[in-house]
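Numbering (the working numbering), first residue to last: 199 to 742.
Virtual Cβ for every residue (Gly too), placed ideally from N, Cα, C.
Computed from a predicted structure; not experimentally measured.
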């Protein structure tokens, strides 16, 4: 793989063996097998990088049985498989590592298969998006505990489980895997593996922990141990009440100290903290058209028209200047069955914020986040069309403020270099249950957008952006800065979501751990054809 955002020259495309293509077309239908060059190249890049290799074929199964047959045929032919959900990863997780790679497009596997209010479970196909799931559950007054990332308009549940993610409900319930009951997996030889206690018919999973937690092996595996076909998640009833609050802090460490204490008390269903850099980006990006659309969403979110109009009026009156320019805002939402309990949690959050010199500000952002949980992913480009890339770590509550300060000090040292090359950055922070904080620095730099961006950004928004072209020197600086952040994260023993091929993994584990992991890999994928290179497994096929 190249370590910059695009290879020096377009990669060539290998022809697919005709007998393999015929076999795959026989399984899923010719309409769902493609070798269209533009689509192959699109599916061979992610938000960060365009691969040095291009998939030779894309196959889109619709059922578990079709997926199993496709995997068995590819395994018999000895070709690598790259499972792809919505394509929103930025850690080289699904892009081809070899020229003879078949990409599995899971977006036809998008059905909500079963909702059981009696057992409080829901089963979906792996290609179902978080938005599709939430829409199906909403009419029944139900939701999953963790109910999706902000990219949930496209992001698939299978992708989220393979990569792990954060945001809605995460302050109480953690990431995707912590809401999982059972999985239906396809192994490399096409066998189907089912986990959990599964009821009298063997097909109604209702409880995860039946013996060793085999489901856990496939959570966060970056698609290297098996392909997710069906996922059963537990349900909760929609909390009857919610309330939000926003605070502004003088420094990032102060904000994180306050967020850590709020996390210890389990006050926020989700939290979202910014730094001055991201606040400025948001203000530049927002337009009057999006403001009007947002106000409409806020009005419809409220229980009554009067409350909705009042909330929208407060946002409109607050304008875009309610956050002091050089301060760190934190936005939280509390939820629960009882209005008084939710009010108590918000009151306690106010007390904690005040302990760290936080000042309450208009809670416009928190309201907007809840009113529009899955916005179009226009933010994957900067306000002028700049490329965007995050890097992150999950830190303990006690180390997060120090880690943030160290990353911030490094950015300050680099400021002159960043300015010279048109690079600007910001921070996003969030809490995970009662025991971790995510720190996610993001970079914007004058590198032009690629097909992956055009496939996701709203067309009207894209028309307003510039195509900035190549800027390899700036890209190299961003690459080095991301590596420095990873180095700091490692110093503090941080974990990572979206490991893919971007974060160190194997060299952080002890020998016994690796023996177990490799034994699992050799059982479920003995030829090493699932996402070669992911999680630090060998890049390219394992020699037989």
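Bounding residues of the beta strand (DSSP E) (the contiguous stretch that carries residue 623): 622–630
Whether residue 428 touches residue 289 by CB criterion (8 angstroms): no
Nearest to residue 524 (by Cα), restricted to the options 447, 543 and 474: 474
Buried versus exposed, by CB contacts within 10 Å (16 or more), residue 264: buried
Residue closest to residue 721, alpha-carbon to alpha-carbon, out of 319, 307 and 388: 388
Alpha-carbon to alpha-carbon, residue 529 and residue 519: Interpretation of residue 519 is limited by its pLDDT of 49, a score under 50 that renders its predicted location unreliable; the figure taken from the coordinates is listed afterwards. Whole-angstrom Cα-Cα distance: 16 angstroms.
Residues that DSSP places opposite residue 588 in a beta bridge: 640
Beta-carbon gap between residue 269 and residue 255 smaller than 8 angstroms: no
Residue from 331, 312, 621 and 324 whose Cα sits closest to the Cα of residue 671: 621
Extent of the continuous alpha helix (DSSP H) run through residue 361: 355–361
Beta-carbon proximity check, residue 351 vs residue 331, cutoff 8 angstroms: no
Three-pair Cβ contact test at 8 angstroms for the region 359–376 versus the region 335–348: yes
Whole-Å CB distance - residue 348 paired with residue 695, under 8 angstroms assumed: Residue 348 to residue 695, Cβ: 14 angstroms. No contact.
Best match in 232, 372, 376 and 400 for proximity to residue 382 [C-alpha to C-alpha]: 400
Contacting residues, own chain, Cβ-Cβ under 6 angstroms from residue 514 (five flanking each side not counted): Here residue 514 scores only 46 on pLDDT, less than 50, and its place in the model should not be relied on; the value that follows carries that caveat. For residue 514, where only same-chain residues beyond five positions count, there are no Cβ hits under 6 angstroms.
N- and C-terminal bounds of the alpha helix (DSSP H) containing residue 460: 450–462
Burial state of residue 615 (16 or more Cβ within 10 Å): exposed
Rounded distance between the beta-carbons of residue 230 and residue 252, thought under 8 angstroms: With a Cβ gap of about 19 angstroms, residue 252 and residue 230 do not count as contacting.
Contiguous beta strand (DSSP E) assignments of at least 3 residues, all confined to the region 366–414: 378–384 and 390–392
One or two residues paired with residue 312 in a DSSP bridge: 321
Status (buried if at least 16 other CB within 10 Å, exposed otherwise) for residue 497: Residue placement at residue 497 is flagged as unreliable, the pLDDT there being 46, under the threshold of 50; a coordinate-derived value is accordingly withheld.
Whole-Å CB distance - residue 686 paired with residue 244, under 8 angstroms assumed: About 24 angstroms; that fails the 8 angstroms criterion.
Residue interval of the alpha helix (DSSP H) (run including residue 716): 709–722
Nearest-angstrom Cα separation, counted from residue 422 out to residue 726: 8 angstroms
Between the CA atoms of residue 465 and residue 536 - distance to the nearest angstrom: 14 angstroms
Residue range of the unbroken beta strand (DSSP E) whose run includes residue 526: 526–534
Beta-carbon proximity check, residue 458 vs residue 598, cutoff 8 angstroms: yes
Beta bridge counterpart(s) of residue 281 as assigned by DSSP: 302
Cutoff 7 angstroms; reference residue 192; Cβ partners in own chain excluding five residues on either side: Outside the displayed range of the chain (199 to 742) lies residue 192, so it cannot be described from this structure.
CB contact flag (residue 379, residue 357, <8 angstroms): no
Span separating the alpha-carbon of residue 303 from that of residue 281: 6 angstroms
Cα-Cα separation between residue 683 and residue 637, rounded to whole angstroms: 10 angstroms
Inter-residue spacing [alpha-carbon to alpha-carbon] between residue 202 and residue 214: The predicted position of residue 202 is uncertain, since its pLDDT is 44 and thus under 50; a value taken from the coordinates is nonetheless stated next. When rounded, the distance between both Cα atoms is 28 angstroms.
Residue 666 to residue 580 span [Cα, whole Å]: 11 angstroms
Three CB pairs or more closer than 8 angstroms across the region 587–604 and the region 429–437: no
Residue 509 classed as buried or exposed, judged by whether at least 16 other C-beta atoms fall within 10 angstroms: With a pLDDT of only 48 at residue 509, under the threshold of 50, the placement of this residue in the model should not be trusted; the figure read from the coordinates follows. When all chains shown are included, residue 509 counts as buried.
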